[in-house]
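Engineer: Encoded as structure tokens, here's the structure I'll be asking about.
Residue numbers (my numbering): 5 to 252.
Printed below as a string of structure tokens:
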């Protein structure tokens, strides 16, 4: 049947016998007809699904359905029975592919991402932006990050930084006051580009990009009603005593 020298009349006679037995007896002969046509049906399915992204099994099912529908209706008096059965299978599979391609493209779910409302991001990123905005110096951001986020004792940090303990407390207190004001008043978009850090300047918080000119300046006095440190340059009697965070 598959050899080229097989005459068309012989092929038509075999297929006419298979189709007639399938129509009259069904079941076994229908399976036999499908088995005989399997090489052609496989070739049709492969051609239709070559660049088809969806499940090729759906197309294969339509190809088989088209073939079986043609078995029950094809005219056996005309020649080239198998060729006509093959084209019937192809048309059914092609219609399935065309319908799938014409269907609306599935849309993603309604979830989407957006930048969080300020103050935003990881605390380290907030400190880094405050340094870029010249609200804090690098050493002020370092003391806040180490003693507040990493829970390094202030006495250890001051010793490593070669700074008097009372001065380290005072520096952190004033830096945190400026940082609070910056976070409460800042209106910078979270996606705004960050500026390159410049040389250290006198630390102050100024409302930028349309904000008012009110500043929170760093005081230089070591004594005050809210300073929280001793008047004289003396070291606290218990430097490792746990401190009460001055900010909420």
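Ideal placement from N, C-alpha and C gives every residue a C-beta, glycine not left out.
1. Less than 6 Å between the CB of residue 83 and some heavy atom of the ligand ADP, yes or no?
2. Please state whether the Cβ-Cβ distance between residue 2 and residue 37 is less than 7 Å.
3. Please go through the segment 22–52 and give each complete alpha helix (DSSP H) segment of 4 or more residues, from N-terminal end onward.
4. Less than 7 Å between the beta carbons of residue 183 and residue 134, yes or no?
5. Buried or exposed, going by whether 16 or more other CB atoms sit within 10 Å of the CB of residue 90?
6. DSSP state of residue 151, grouped into three classes?
7. Assuming residue 88 contacts residue 78 (C-beta within less than 8 Å), just tell me the rounded distance between them.
8. Measuring straight from C-alpha to C-alpha, what distance separates residue 9 and residue 32?
9. Using DSSP with H/G/I as helix, E/B as strand and the rest coil, what is residue 165?
10. Take the Cβ of residue 179 as the centre, count every other Cβ of all protein chains shown within 10 Å, and call the residue buried at 16 or more, exposed below.
11. Rounding to the nearest angstrom, what Cα-Cα distance links residue 46 and residue 129 in this structure?
Structural biologist: The relevant details are as follows:
1. Absence of the ligand ADP from the depicted structure is noted, as is the absence of any ligand whatsoever, leaving it without description.
2. Here the chain has residues from 5 to 252 only, and residue 2 is not among them.
3. 31–52, all fully within the segment 22–52.
4. Walking along the chain shown from the start, residue 183 turns up at place 179. Walking along the chain shown from the start, residue 134 turns up at place 130. Yes, the pair counts as a contact, with Cβ atoms nearer than the cut-off.
5. Residue numbering aside, residue 90 sits at position 86 when the chain shown is read from its first letter. By the 10 Å Cβ count, residue 90 comes out buried.
6. As a working note, residue 151 is residue 147 in the chain shown. Helix.
7. The sequence position of residue 88 within the chain shown is 84, counting from 1. The sequence position of residue 78 within the chain shown is 74, counting from 1. Between residue 88 and residue 78 a beta carbon distance of about 6 Å is seen, short of the 8 Å cut, so the two are scored as contacting.
8. Position 5 of the chain shown, counted from the start, is the residue given in the question as residue 9. Position 28 of the chain shown, counted from the start, is the residue given in the question as residue 32. Between residue 9 and residue 32, the C-alpha separation is close to 29 Å.
9. Here residue 165 corresponds to residue number 161 of the chain shown, with the count starting at 1. Residue 165 falls in the coil class under three-state DSSP.
10. Position 175 of the chain shown, counted from the start, is the residue given in the question as residue 179. By the 10 Å Cβ count, residue 179 comes out buried.
11. Mapped onto the chain shown, residue 46 falls at position 42. Mapped onto the chain shown, residue 129 falls at position 125. So the two alpha carbons sit approximately 59 Å from each other.
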